[in-house]
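Beneath this line is the structure, given in structure tokens, with notes to follow.
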Amino acid sequence: MGCCSSRAPGQHEWQSQVPGSFKANPIPTVNKRADIPADFFSKCIKKGWLKTLPKKQKIWCMIHENNFYFMDNEADTEPRKFFSFDGCIIKMDKNMLEIETKELMNGSVPRATYKFLADDANTAMDWYEAALKASSRRN
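Note that the UniProt record's numbering has the sequence shown beginning at 1, numbered continuously upward.
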């Protein structure tokens, strides 16, 4: 029962006009798969398996436009984590790729350094070139 017995909760006219009222609250969606374009996973610059350092945990990675996505496996539709390549410093040493993100929002989000290990030097070079292509900053 609502504030009075005449109508159910959220059914008064004034409640539909007030931001944050019962009717205005959006229903959260658990699966956001519908928001992802159908060609999102096929139109990426680079995708494949990399290992994180220092744990050497194998993760599925993808570079799409200027973002780097981490996923648990190829079938995942929601990334576990992602960051933007804008302003990143990208380094390569043998088969290790190091990506240092820039400091954001005047220091409230500090720099982060991600280290990935590829299976071989050629694969690492492919990832390095794809990362440079996605980055706005040239190293």
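Positions of the beta carbon are idealized from the N, C-alpha and C atoms, including for glycine.
I want to know whether the segment 44 to 57 touches the segment 125 to 135 - three or more CB-CB distances under 8 Å.
yes
Going by other Cβ atoms of all chains shown within 10 Å of its Cβ, with 16 needed for buried, is residue 85 buried or exposed?
Translated into the one-based positions of the sequence shown, residue 85 becomes position 85. Burial call: buried.
So the alpha helix (DSSP H) residue 194 belongs to, where does it begin and stop?
For residue 194 there is no data in the structure shown, the boundaries of the chain being 1 and 139.
According to DSSP, is residue 172 part of a helix, a strand, or is it coil?
Only positions 1 to 139 of the chain appear in this structure, which leaves residue 172 out of reach.
Does DSSP put residue 93 in a helix, a strand or coil?
Position 93 of the sequence shown, counting from 1, holds the residue named residue 93. Here residue 93 sits in strand by DSSP.
Going straight from the alpha carbon of residue 76 to that of residue 63, what length do you get?
Translated into the one-based positions of the sequence shown, residue 76 becomes position 76. Translated into the one-based positions of the sequence shown, residue 63 becomes position 63. Here the alpha carbon of residue 76 sits roughly 15 Å from the alpha carbon of residue 63.
Selected residue, minimal CA-CA separation from residue 42, among 54, 52, 74 and 57:
The sequence position of residue 42 within the sequence shown is 42, counting from 1. It is 74.
N-terminal and C-terminal residue of the alpha helix (DSSP H) that residue 133 is part of
One-based indexing of the sequence shown puts residue 133 at position 133. Start and end: 121 to 134.
For residue 82, count neighbouring Cβ atoms within 10 angstroms of its own Cβ and tell me buried if that reaches 16, exposed if not.
Taking the sequence shown and counting its residues from 1, the one referred to as residue 82 is at position 82. By the neighbour-count rule (16 or more Cβ atoms within 10 Å), residue 82 is not buried but exposed.
Buried versus exposed, by CB contacts within 10 Å (16 or more), residue 124:
Taking the sequence shown and counting its residues from 1, the one referred to as residue 124 is at position 124. The residue is buried, with at least 16 neighbouring Cβ atoms inside 10 Å.
Residue 78 and residue 71: beta carbons closer than 9 Å?
Counted from its first residue, the sequence shown places residue 78 at position 78. Counted from its first residue, the sequence shown places residue 71 at position 71. A contact, by the Cβ cut-off of 9 Å.
Excluding five sequence neighbours on each side, which residues of the same chain lie with their C-beta closer than 7 Å to the C-beta of residue 112?
Position 112 of the sequence shown, counting from 1, holds the residue named residue 112. Result list for residue 112: 101, in chain order.
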